[in-house]
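Undergrad: According to mature numbering (1 follows the signal peptide of the UniProt record, and there is no 0), the stretch in the sequence shown is residues -31 to -1, 1 to 523, in order. Glycine included, every Cβ here is placed at the ideal spot set by N, Cα and C. Keep in mind that this is a model prediction, so the values were computed, not measured. Got a structure here, written out as structure tokens. Questions coming.
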Amino acid sequence: MTMFRPRRPSLVLGALATASALLLTACGSSAGGSNSSQSGSGSPQTGGTLTFYDPVQYEDWQTTNSLWSVSQVADNIGERLIWQDPRTGKLEPWLAKSWSISADHKTYTFHLKPDVKFTDGTALTSQVVKDNFDQHGFGDKKLGIPVDQFWNGYAGTKVVDATTFEIKLNTPDAGFLQVLSNYRASTILAESYVKRNLAGQSKVQNWVGTGPFRYAGGDGVNEVILKPNPHYTSWPTGSAHTGQPYLNEIDFKYVPEESTRIGALQSGQAQIVRNLSPTDEQTVGSFGGQLESFGVQGETNALAVQVRPGLITDDKQVRLALNAATDRKEINQAVLSSHYGIPIGPLVKGTPDAPDLSSYLAYDPGKAKQLLQSAGWAANSDGYRYKDGQQLHFDIWVAPFYQVSEQVLEVLQSEWKKVGVKLSIHSVSLDQYEAITAAGGTGGEKFSFSQSQTSTADPNVLRVDYDTTRANGLGQDAKDPDAKLNELVRDQAETFDPDKRAAAVKETGEYLYQQGYSIPLYDETQVFGLSSKVHGFGTESTARAWLYDTWLGK
């Protein structure tokens, strides 16, 4: 999870990038199943308040929300059936103690861990799981709950007994088990949450989970305070310890000014700050702080192209030209850092079956100019191209949940200008951004693309994004879709032989680039600054903070 597009909500662990000599990067702990910090030494200490500063405001707490700030908190309240080891990708027991899959890959039988309770004292049962999943898979019109795009193809859940149930699918899905480990697709909350309408589900105060922490205060917009769940028993397989979490309190705060966040980290007022800009990475190292980076599996951070009639990007030659005019190495060197990978394809390096399609992403401004000329866009004395009196011009809005969005778009603006394309960049608040994207633009303008990234640690993310019966990432007319693309993304999702699936994923990626449907910018990465007092910090498989094993030194 995480990203907003004009047509749907977003949603993750890549290879860790190489850090500079001054900085300490994240690496997997041999003791635990999370991406975990190796900082310091000594025995874990119990107690203390960890203050966590985030540059993005908290809002809309429905389980399917993948806003980066929200998911850092929510991941520590609610849990899933399955834990995906972020280092190996292996699926491990969590709320489920075991499971089995039918020969036709349409029925999944689960057995819950016994005696697990939500923080309101109610029991985790098969019926509660069914009610959660039915809401994801079918939605609830009366409550205003939409169908979750990860759950299309869901046929229902059958309760066998209090701790045994069967999930049934209409069609096989090779990535379904991984979906059941995903924070924004399969978090299980108490009946008191499930019975609420959309407005009620969008408040953190109503989150009742089984996780290591519980909501304990804060307005849910600027601050959220968590306290330990005193009855916690459901830690995932591979955890570095068992029993209660070490921390006595976690104080998540929205702090938009980066200088304030860095200053608080240096002074000890904050112990973790999320989403550092590349310019401040070395600052953290200079005062003895730790820097931890986690690649985000799933799709690369890219311009999501729209292909609807009436848009300039409905022209394949224009799409291919924009891709050729994009220099990803320059973006990386100019405004990013060594923690950010240069894209090799539609999936972040380290995502299972991610193909190397670098040959489709070569920077070639000469080719871009030829394609635009062939498409009828002629160069003008002002440096831009025109066709039938219309300037080759695009508007794009800075995505406020990506720390590096504006700097990346400014480099892209300069690159595209070299081939005669004008890119106008607009910066607004998160609330304004959401309103603009929901409306498809301002002043009657329509989006031709937006900066976005859908994240989950399985190539099935391509089906979630591009299938016209799911997120429909290209904004296609459902009555006249790209039938071949639909076939490709569905075939890879329904292929279970490992070698054949890898080949199907590669074929899908090749077709995306042959058609110019995606313009990758960089491999999404989460960079955290940590106080030297923080030990055992880690993330789950989508690079969201997992603080069960985290403790504070003296």
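Round the Cβ separation of Gly122 and Leu112 to the nearest angstrom and send it over; I've been treating them as touching at under 8 Å.
TA: That pair is no contact at about 22 Å.
Undergrad: In the DSSP output, which residue or residues are listed as bridge partners for Trp63?
TA: Trp63 pairs with nothing; no bridge assigned.
Undergrad: Applying the criterion that 16 or more other CB atoms from any shown protein chain within 10 Å of the CB defines a buried residue, is Gly9 buried or exposed?
TA: In this predicted model, Gly9 has a pLDDT of only 46, less than 50, meaning its place in the structure is not dependable; the value taken from the coordinates is given anyway. Flag for Gly9 reads exposed.
Undergrad: What residue from Glu135, Leu399 and Tyr22 has the CA that sits closest to Ser228's CA?
TA: For Ser228, the nearest C-alpha among the options comes from Tyr22.
Undergrad: What are the boundary residues of the beta strand (DSSP E) that Gln420 is part of?
TA: Residues Phe418 to Ser421.
Undergrad: Three or more C-beta pairs closer than 8 Å, one from the region 98 to 115 and one from the region 163 to 178: is that the case here?
TA: Segments in contact, yes.
Undergrad: For Gly389 and Tyr353, which I take to be in contact (beta-carbon distance under 8 Å), what is that distance rounded to the nearest angstrom?
TA: Right, their Cβ atoms sit about 5 Å apart.
Undergrad: Between the alpha carbons of Tyr201 and Ala323, how many angstroms are there, rounded?
TA: Each residue's alpha carbon lies about 37 Å from the other.
Undergrad: Mind checking which residues open and close the beta strand (DSSP E) that includes Pro334?
TA: Per DSSP, Pro334 belongs to no beta strand (DSSP E); it is in the alpha helix (DSSP H), Pro334 to Ser343.
Undergrad: Is the CB-CB distance between Glu476 and Pro141 below 8 Å?
TA: Result no, Cβ atoms of Glu476 and Pro141 do not sit closer than 8 Å.
Undergrad: Could you check what DSSP says for Gly232 in three-state terms: helix, strand or coil?
TA: Gly232 falls in the helix class under three-state DSSP.
Undergrad: My parser needs the alpha helix (DSSP H) runs of 4 or more residues fully inside the region 311 to 382; what are they?
TA: Segments of the alpha helix (DSSP H) lying fully in the region 311 to 382: 334 to 343.
Undergrad: In three-state terms, what does DSSP make of Ile46?
TA: The answer is coil: DSSP assigns Ile46 none of H, G, I, E or B.
Undergrad: What are the boundary residues of the beta strand (DSSP E) that includes Ser270?
TA: The sequence as given places Asn at residue 270; Ser does not occur at that position. That run of the beta strand (DSSP E) goes Asn270 to Val274.
Undergrad: How far does the alpha helix (DSSP H) with Gln147 in it extend, from its first residue to its last?
TA: Unbroken alpha helix (DSSP H) run through Gln147: Phe145 to Val148.
Undergrad: Would you check if the distance between the CB atom of Gly478 and the CB atom of Val276 is smaller than 8 Å?
TA: Their beta carbons are not under 8 Å apart, which means Gly478 does not touch Val276 by this criterion.
Undergrad: Let me know if Val496 comes out buried or exposed under the rule of 16 or more other beta-carbons within 10 Å of its beta-carbon.
TA: Counting Cβ neighbours within 10 Å, Val496 comes out buried, since at least 16 surround it.
Undergrad: For Tyr123, list the residues DSSP reports as bridge partners.
TA: DSSP output for Tyr123 lists Leu138 as bridge partner(s).
Undergrad: Three or more beta-carbon pairs under 8 Å between the region 259 to 273 and the region 419 to 427, yes or no?
TA: A contact exists between the region 259 to 273 and the region 419 to 427.
Undergrad: On the DSSP letters alone, give me the boundaries of the beta strand (DSSP E) that Thr18 sits inside.
TA: Counting along the chain, the beta strand (DSSP E) containing Thr18 begins and ends at Thr18 to Asp23.
Undergrad: For Ile136 versus Asn101, is the C-beta spacing smaller than 8 Å?
TA: For Ile136 and Asn101, no; Cβs fall outside 8 Å.
Undergrad: Suppose the cutoff is 6 Å on Cβ atoms and the five residues either side in sequence are ignored; what does the same chain contact list for His308 look like?
TA: Hits under 6 Å: Ala(-15), Ser262, Thr494 and Val496.
Undergrad: Which same chain residues end up closer than 6 Å to Tyr215 when comparing Cβ atoms and leaving out the 5 residues on each side of it in sequence?
TA: Counting only Cβ-Cβ distances below 6 Å, and skipping sequence neighbours, we find Pro13, Thr15 and Trp520.
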